[in-house]
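Asks: When we follow my numbering, the leftmost residue of the sequence shown carries the number 753, and every step to the right adds one.
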Amino acid sequence: MREEPILLTPGPTPVPPDVLKTMGEPMIHHRTPQYQKIFRETLEELRYVYQTKGDVIIFASSGTGAMESAVANTLSPGERVLVLEAGVFGERFTKITQRYGQKVERISVPYGQPMDTDRVLEYLKSQGRGLAAVFCQLSDTSTGIRMEVEQFARALAKTETLLIVDAVSGLAVDPLKFDEWGVDVALSGSQKALMAPPGLSFAAVSEKAWRKIKLARNPRFYFDYLLAKECYAQWDTPFTPAISIVRALALSLARIQKEGLEAFMAREARLAEAVREALGALGLELFTKESQTAGLTAVQIPKGVDGAKLLSRLMNEFNIWMAGGQGSMKGKIMRIAHMGYIGKDDLIAGFDALETVLGDLGYKLKKGVSKEILEQQQGVSR
């Protein structure tokens, strides 16, 4: 078994060696010119990835912390919100907004099905008056779907309703043109396509959102956008930042900028196509067949195969880490990531092990067929 794991999970994802190395550098104090330089560069690089000239805020938290921060900063108790649910993370927005006392309306689709964009647009047209915010995902890694964020943003552009987007797994994977589309708040995290360790979350904030934030009355302290904005004007932070992770993120974002965001995302998209072709060649059925994210692929566990044993053997015998289903999908699907630093060689090793374990568990397949497909891909090595 290989010594180092191959992470084909939708977060955390593999971290480049030079990025990992920065985590071991001597600690510095955050209220110094040395850290201010790193902080300023990181914010500029995040603006590049978000495609915005506006404000981006960094928190020491998971992506869920960023999701909560958006609710805490933009809303007042009792305001109406619409949550679009096409997986576990849409449902998480519902839980957070309910905890904060919002009047929550939902449009839900079954797991594995794409969000009904026409239904959403019609709802906004007929019942959107008075909505304080619409919450959606750029992509939802629990099912592998991607939402039509641009259409939602354009539908809300001339209204007072905010569009708040969970881009935790979608940033630098699926298109997100924050300024051009008119998104109001977009949230993300360090441990997905951005190729950094877990521990940081981000919120890009529009001018329209800032106007609402100044009036919002939901309680917040640590996640206070206004306090952060005030401190950022002096290249300072309200509280102690996660210095080592910020340093690592600065380097990983510089890698993306050097490659170019479009080229970086195009490579992920080519890997996604190759993975889905390889799965099809093995006779495996995709769980989400439309509106798929380029960051991962959800595939159904074949009948007669124990999903828990499959994942356990991949991990324990081959040091290949793939993700199972969440909630009601546990044991029914597996999720294979192909975002960020994941490259062709990682996927070839992963599929080779997958073929072996599936065969051992009684699934009939042609050995080596997935490797043939993946090896044909050009320009997808990390």
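Ideal Cβ placement from N, Cα and C applies to all residues, glycine included. All values derive from a computational prediction rather than experimental measurement.
Can you list, in chain order, the residues of its chain with a C-beta nearer than 7 Å to that of PHE904? Leave out the 5 residues immediately preceding and following it.
Replies: Same-chain partners within the cutoff: VAL872, VAL886, CYS888, LEU915.
Asks: According to DSSP, simplified to helix, strand and coil, what is SER814?
Replies: Three-state DSSP puts SER814 in coil, outside helix and strand.
Asks: Kindly identify the DSSP beta-bridge partner or partners of GLU857.
Replies: Answer is LEU834.
Asks: Is DSSP giving ILE898 helix, strand or coil here?
Replies: Going by the sequence as given, residue 898 is Arg instead of Ile. Reduced to three states, the DSSP call for ARG898 is strand.
Asks: Quick one: what does DSSP say ALA1024 is sitting in, helix, strand or coil?
Replies: In the structure shown, ALA1024 sits in a helix (DSSP, three-state: H, G or I).
Asks: Measuring alpha carbon to alpha carbon, tell me which of LEU908, VAL901, THR911 ends up nearest LEU923.
Replies: For LEU923, the nearest C-alpha among the options comes from VAL901.
Asks: If you follow the alpha helix (DSSP H) that SER1122 is in, where does it begin and where does it stop?
Replies: Unbroken alpha helix (DSSP H) run through SER1122: 1121-1127.
Asks: Starting from GLN1087, trace the beta strand (DSSP E) both ways and give me its first and last residue.
Replies: Here residue 1087 turns out to be Arg, not Gln, going by the sequence shown. ARG1087 -> beta strand (DSSP E) spans 1085-1089.
Asks: Report the option in MET947, SER828, ALA994, SER921 whose CA atom is closest to the CA atom of ALA968.
Replies: Selected option, being the one with the closest Cα: SER828.
Asks: List the residues that DSSP assigns as beta-bridge partners of PHE887.
Replies: Answer is VAL835, ILE916, bridged to PHE887.
Asks: Name the one or two DSSP bridge partners that GLN1052 has.
Replies: Answer is ILE1085, bridged to GLN1052.
Asks: How many angstroms separate the CA atom of TRP933 from the CA atom of ASP1097?
Replies: The straight-line gap from Cα to Cα measures roughly 36 Å.
Asks: VAL1057 and LEU1031 - do their beta-carbons sit closer together than 9 Å?
Replies: Going by C-beta atoms, LEU1031 is not nearer than 9 Å to VAL1057.
Asks: With a Cβ-Cβ cutoff of 9 Å, do MET1074 and LEU1106 count as a contact?
Replies: Against a cut-off of 9 Å, the Cβ pair of LEU1106 and MET1074 comes out as a contact.
Asks: When you compare only the Cα positions, how much space is there between GLN1009 and GLU777?
Replies: Their Cα atoms are separated by approximately 23 Å.
Asks: Exposed or buried, what is MET779 when buried is set at 16 or more other beta-carbons lying within 10 Å of its beta-carbon?
Replies: Classification of MET779: exposed, given that the 10 Å Cβ count is below 16.
Asks: Are at least three pairs of beta-carbons, each pair with one atom in the region 977-993 and one in the region 858-870, less than 8 Å apart?
Replies: Short answer: they don't touch.
Asks: Under 8 Å: do the region 1081-1092 and the region 759-769 share three or more Cβ pairs, one atom per stretch?
Replies: Touching, yes.
Asks: Taking DSSP as the reference, what is the three-state secondary structure of TRP1073?
Replies: Three-state result, TRP1073: strand.
Asks: Considering only the alpha carbon of each residue, which of ASN825, VAL767, SER1122, TYR863 lies closest to LYS1084?
Replies: Of the listed residues, the one whose Cα sits closest to LYS1084 is TYR863.
Asks: Near GLY817, what residues of its chain come up, given a Cβ to Cβ distance below 8 Å and the 5 sequence neighbours on each side ignored?
Replies: Closer than 8 Å at the Cβ level, and outside the excluded window around GLY817, lie PHE811, SER953, PHE975.
Asks: Distance, Cα to Cα, VAL861 vs GLY839?
Replies: Those two C-alpha atoms are separated by around 8 Å.
Asks: Within the same chain, show all residues whose beta-carbon is closer than 8 Å to that of GLU755, passing over the 5 residues directly before and after it, in chain order.
Replies: Once the five neighbours on either side are set aside, the close Cβ partners of GLU755 are ASN1071.
Asks: Going by the DSSP bridge assignment, what does LEU939 pair with across the sheet?
Replies: ASP918, ALA955, per the DSSP bridge assignment.
Asks: Within 8 Å, do at least three Cβ pairs link the region 1023-1042 to the region 890-901?
Replies: Segments in contact, yes.
Asks: Could you check what DSSP says for ASP807 in three-state terms: helix, strand or coil?
Replies: Three-state DSSP puts ASP807 in a strand.
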